[in-house]
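Chemist: I am attaching a structure below and will ask some questions about it afterwards.
Numbering (full-length UniProt numbering), first residue to last: 1 to 405.
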């Protein structure tokens with residue numbers, strides 16, 4: 001008696017099944033997002049690929065966002081071409097694919113030996129398909145076609161954003177957004193010249209931006225001065241201001257401690273190190289600024305003085321927490337001193353910058369009616385006593401000028 005061997009069942013084609021699920025979700029208008037991860041290709045710093053559906057010029061397409069460590073690159077494909085591109089990327093370039101749809105979820109994985117696995121599940125709650133309307137530059141306070149952006153290397157000659165400058169572009173717009181909101185609540189009138197001083201102006205990204213926003217968007221007369229210690233940056237920015245015909249914009253050599261105070265409406269100091277931020281705030285108060293914008297960097301003076309209560313020492317034995325405490329105490333005292341000097345003050349997260357991880361902003365807008373400072377000064381002294389702080393640079397500067405009784 002002969003026994004007929006049962007033929008082995010062919011291995012399931014997980015790749016084809018996954019692409020079919022993707023195609024079905026698109027056809028049924030149920031597609032939400034696809035993420036390709038575990039990149040094994042040759043492109044340096046590419047981390048993952050995020051794919052969403054968009055409508056561009058009345059045509060449905062798949063938007064591919066290639067996410068690198070320091071930038072994003074976006075490419076749009078017609079639906080059929082996009083699906084074919086995804087199919088070609090698996091598993092040669094990416095070893096993991098995660099599909100999210102309205103009623104389904106699927107994950108395709110490849111092992112080191114190339115073995116595939118497909119996992120499917122149902123979401124715990126019904127999802128909604130995101131809007132496919134394409135809005136590349138929503139909530140932008142500046143246009144990419146502004147000439148200074150090309151001159152400073154943020155955009156190319158076609159006024160397209162250079163991918164490596166995407167974080168800088170976000171920072172510029174967020175800065176102008178914060179300034180715009182502060183302006184509406186300040187006592188400044190735009191029928192008069194608006195005098196701005198930007199200390200530590202560097203290459204002038206924000207200095208040019210605020211001048212352009214005042215002149216071209218608000219149609220106000222902006223008299224903007226960038227102050228920078230590096231003479232080569234001063235020459236570079238003055239040459240750009242002359243070349244681009246930015247009347248009322250100039251740059252000078254110096255820092256916040258050496259420049260003589262003058263009447264200023266807006267004082268800016270981003271990433272002034274340690275007590276340089278205190279000098280900047282003091283300069284803004286002395287100059288009668290209606291708006292003070294600071295993004296502090298380093299908090300050495302207070303960190304060296306703080307003597308934490310015994311109860312907190314187990315928590316603060318870790319250097320990171322100790323630094324965060326010094327930062328919180330220093331900037332809280334700065335905000336309270338500004339309040340005592342007649343400003344409404346906010347401390348909030350600004351935006352992560354490409355050259356530093358410091359992203360806090362102290363924003364102070366002069367009040368129409370100053371408040372009695374006695375209660376605030378009492379709270380300041382209580383805080384100083386609690387942490388055994390003997391000196392705060394801003395307090396020393398303000399008391400020397402008689403701003404604090």
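In this text, a Cβ means the ideal position worked out from N, Cα and C, and glycines have one as well.
Using alpha carbons as the reference points, say which of 344, 149 and 321 lies closest to residue 206.
Modeler: Taking the chain shown and counting its residues from 1, one reaches residue 206 at position 206. The option with the nearest alpha carbon to residue 206 is 149.
Chemist: Applying the criterion that 16 or more other CB atoms from any shown protein chain within 10 Å of the CB defines a buried residue, is residue 40 buried or exposed?
Modeler: Stepping through the chain shown from its first residue, residue 40 is reached at position 40. The residue is exposed, with fewer than 16 neighbouring Cβ atoms inside 10 Å.
Chemist: Shortest alpha-carbon distance to residue 158 belongs to which of 201, 108, 387 and 144?
Modeler: Reading the chain shown from its first residue, position 158 is the one you call residue 158. Minimum Cα distance to residue 158 is reached at 144.
Chemist: Confirm, please, whether the CB-CB distance from residue 31 to residue 101 is below 7 Å.
Modeler: Along the chain shown, one-based indexing puts residue 101 at 101. Along the chain shown, one-based indexing puts residue 31 at 31. Contact flag set, yes.
Chemist: To the nearest angstrom, how far is it from the Cα of residue 315 to the Cα of residue 388?
Modeler: Against the chain shown, residue 315 aligns to sequence position 315. Against the chain shown, residue 388 aligns to sequence position 388. One C-alpha to the other measures close to 18 Å.
Chemist: With DSSP as the reference, please indicate the residues paired to residue 196 in a beta bridge.
Modeler: Working through the chain shown from its first residue, we reach residue 196 at position 196. Answer by DSSP bridge pairing, in chain order: 224 and 266.
Chemist: Does the beta-carbon of residue 321 have 16 or more other beta-carbons within 10 angstroms, so that it is buried, or is it exposed?
Modeler: The residue you call residue 321 lines up with position 321 of the chain shown. With fewer than 16 other Cβ atoms within 10 Å, it is exposed.
Chemist: Quick check on the DSSP output: the alpha helix (DSSP H) that includes residue 277 runs from which residue to which?
Modeler: Taking the chain shown and counting its residues from 1, one reaches residue 277 at position 277. That run of the alpha helix (DSSP H) goes 276-286.
Chemist: Would you identify the three-state DSSP class for residue 160, choosing helix, strand or coil?
Modeler: Counted from its first residue, the chain shown places residue 160 at position 160. Of the three classes helix, strand and coil, the one that applies to residue 160 here is coil, per DSSP.
Chemist: Please name the residue in 79, 69 and 68 whose C-alpha comes closest to that of residue 53.
Modeler: Residue 53 sits at position 53 when you count from the first residue of the chain shown. Taking only the C-alpha atoms, the option nearest residue 53 is 79.
Chemist: On the premise that residue 289 lies in contact with residue 256, defined as a C-beta separation below 8 Å, what is that separation, rounded to the nearest angstrom?
Modeler: Against the chain shown, residue 256 aligns to sequence position 256. Against the chain shown, residue 289 aligns to sequence position 289. Actually they are not in contact, since the Cβ atoms of residue 256 and residue 289 sit about 13 Å apart, beyond 8 Å.
Chemist: Among 74, 85 and 342, whose alpha-carbon lies nearest the alpha-carbon of residue 187?
Modeler: Working through the chain shown from its first residue, we reach residue 187 at position 187. Looking at the Cα atoms, 342 is the closest of the given residues.
Chemist: Mapping the DSSP letters down to three states, classify residue 403 as helix, strand or coil.
Modeler: Along the chain shown, read from residue 1 onward, the residue named residue 403 stands at position 403. Residue 403 falls in the coil class under three-state DSSP.
Chemist: Report yes or no: is there a C-beta of chain D within less than 7 Å of the C-beta of residue 38?
Modeler: Given the protein chain composition of this structure (a single chain), no chain D is represented.
Chemist: By the three-class DSSP mapping on this structure, what secondary structure does residue 174 have?
Modeler: Numbered from its first residue, the chain shown carries residue 174 at position 174. Here residue 174 sits in helix by DSSP.
Chemist: Would you list the one or two residues that DSSP bridges to residue 51?
Modeler: Counting from one through the chain shown, the residue named residue 51 turns up at place 51. According to DSSP, which records beta bridges pairwise, residue 51 is partnered with 34 and 64.
Chemist: Report, in whole angstroms, the separation of the C-beta atoms of residue 227 and residue 259, which I expect to be a contact under 8 Å.
Modeler: Within the chain shown, numbered from 1, the residue matching residue 227 stands at position 227. Within the chain shown, numbered from 1, the residue matching residue 259 stands at position 259. Confirmed, about 6 Å.
Chemist: Please classify residue 116: does DSSP put it in a helix, a strand, or coil?
Modeler: Numbered from 1 along the chain shown, position 116 holds the residue referred to as residue 116. Three-state DSSP puts residue 116 in a strand.
Chemist: Determine the contact status of residue 202 and residue 222, defining contact as a CB-CB distance below 7 Å.
Modeler: Walking along the chain shown from the start, residue 202 turns up at place 202. Walking along the chain shown from the start, residue 222 turns up at place 222. Cβ distance not < 7 Å, so residue 202 and residue 222 don't count as in contact.
Chemist: From residue 183 to residue 197, what does the alpha carbon distance come to, in whole angstroms?
Modeler: Here residue 183 refers to the residue found at position 183 of the chain shown. Here residue 197 refers to the residue found at position 197 of the chain shown. Cα-Cα distance, rounded: 15 Å.
Chemist: If you drop the 5 nearest sequence neighbours on each side, which residues of the same chain put their C-beta closer than 8 Å to that of residue 161?
Modeler: As a first step, residue 161 is located in the chain shown; it is residue number 161 there, counting from the start. Counting only Cβ-Cβ distances below 8 Å, and skipping sequence neighbours, we find 144, 154, 155 and 169.
Chemist: Can you tell which of 360, 171, 238 and 376 has the C-alpha that lies nearest to the C-alpha of residue 324?
Modeler: Along the chain shown, read from residue 1 onward, the residue named residue 324 stands at position 324. That would be 360, whose Cα lies nearest to the Cα of residue 324.
Chemist: Would you mind stating whether residue 349 and residue 365 have Cβ atoms separated by less than 7 Å?
Modeler: Along the chain shown, one-based indexing puts residue 349 at 349. Along the chain shown, one-based indexing puts residue 365 at 365. Result no, Cβ atoms of residue 349 and residue 365 do not sit closer than 7 Å.
Chemist: For residue 331, count neighbouring C-beta atoms within 10 Å of its own C-beta (all shown protein chains included) and say buried if the count is 16 or more, exposed if not.
Modeler: Numbered from 1 along the chain shown, position 331 holds the residue referred to as residue 331. The residue is buried, with at least 16 neighbouring Cβ atoms inside 10 Å.
Chemist: Using DSSP's beta-bridge definition, name the partner residues of residue 39.
Modeler: Counting from 1 along the chain shown, the entry for residue 39 is found at position 39. Answer is 94.
Chemist: Taking residue 262 as the reference, give the member of 271, 280 and 310 with the closest Cα.
Modeler: The count along the chain shown starts at 1 and reaches residue 262 at position 262. Comparing Cα positions, the closest option is 280.
Chemist: Less than 8 Å between the CB atoms is what I'm expecting for residue 68 and residue 49, so what's the real figure, rounded?
Modeler: Numbered from its first residue, the chain shown carries residue 68 at position 68. Numbered from its first residue, the chain shown carries residue 49 at position 49. Their Cβ separation, rounded to whole angstroms, is 11 Å, which puts residue 68 and residue 49 out of contact at 8 Å.
Chemist: Leaving aside the five residues before and after residue 231 along the sequence, list all residues of the same chain whose C-beta is less than 7 Å from its C-beta, in chain order.
Modeler: Position 231 of the chain shown, counted from the start, is the residue given in the question as residue 231. Excluding residues within five positions, the ones whose Cβ falls inside 7 Å are 253.
Chemist: Tell me the rounded alpha-carbon separation between residue 141 and residue 171.
Modeler: On the chain shown, residue 141 is found 141 positions in, with the first residue counted as 1. On the chain shown, residue 171 is found 171 positions in, with the first residue counted as 1. Rounded to whole angstroms, residue 141 to residue 171 spans 11 Å at the Cα level.
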